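Asks: The opening position of the sequence shown corresponds to residue -11 in the working numbering, with each subsequent residue numbered one higher.
Heads up, the beta-carbon is just placed ideally off N, CA and C, and yes, glycines get one too.
Treat the numbers as computed from the prediction; the structure is a model and nothing was measured.
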Amino acid sequence: MGELANLINIGKAVEEQLNQVGITTFEQLKVTGSKEAWLKIKSIDASA
């Protein structure tokens, strides 16, 4: 488990999805923003 899974509302599965779309650190997630991060996940997982 990496640093993202330690954040509120982000578990191992979401962390894995974030990693798949190139978001591996809190700073990257903060810069990307929650909406854009979700859209990136949606592009690889239609059930998101």
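For L(-5), is the classification buried or exposed, using 16 other Cβ atoms within 10 angstroms of its Cβ as the cut-off for buried?
Replies: Taking the first residue of the sequence shown as 1, we reach residue -5 at position 7. L(-5) should be labelled exposed.
Asks: Span of the alpha helix (DSSP H) holding E3?
Replies: Here residue 3 refers to the residue found at position 15 of the sequence shown. For E3, the uninterrupted alpha helix (DSSP H) segment begins and ends at K0 to Q8.
Asks: Give me the Cβ distance between T20 and G(-10), rounded to the nearest whole Å; I'm assuming they're in contact under 8 Å.
Replies: Translated into the one-based positions of the sequence shown, residue 20 becomes position 32. Translated into the one-based positions of the sequence shown, residue -10 becomes position 2. With 8 Å as the limit, T20 and G(-10) do not qualify as a contact, their Cβ atoms being about 16 Å apart.
Asks: Measuring only the C-alpha atoms, how far is I32 from W26?
Replies: Indexing the sequence shown from 1 puts residue 32 at position 44. Indexing the sequence shown from 1 puts residue 26 at position 38. Each residue's alpha carbon lies about 10 Å from the other.
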